[in-house]
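Here the sequence shown stands for residues 281 to 358, numbered as in my numbering.
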Amino acid sequence: MAANLNAYFKERVIESISTLSSQVFPQLVKIILEHENGETFELRGQTVTGEPVGYTVDANSKHFEKVFEVGKEAGYLR
């Protein structure tokens, strides 16, 4: 795929992610992290309703070898 077409599709995905609800976004993050890393991740920093605190999601692998923080804000996923 041409580099500019690849960049276009990445930008579209990032824009689409920013429209997800606060309850769907953390679950999508968990699925992506587990798929890309081959490990189980636990989500942290959520309210009792499952929404991320401060619009960011903290995730860690079982023994904290890998820790991620992601948010829906434009540019944060880059």
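We put the CB at the ideal spot given by N, CA and C, even for glycine.
Check: Residue burial classification, glutamate 291 (beta-carbon count within 10 angstroms, cutoff 16); Outcome: exposed
Check: Distance between serine 296 and asparagine 284 (C-alpha atoms, nearest Å); Outcome: 18 Å
Check: Sub-8 Å separation of alanine 339 and glutamate 322 beta-carbons; Outcome: yes
Check: Valine 309, DSSP secondary structure in three states; Outcome: helix
Check: Exposure label - valine 304; buried when at least 16 CB within 10 Å; Outcome: exposed
Check: Whole-Å CB distance - valine 350 paired with valine 337, under 8 Å assumed; Outcome: 5 Å
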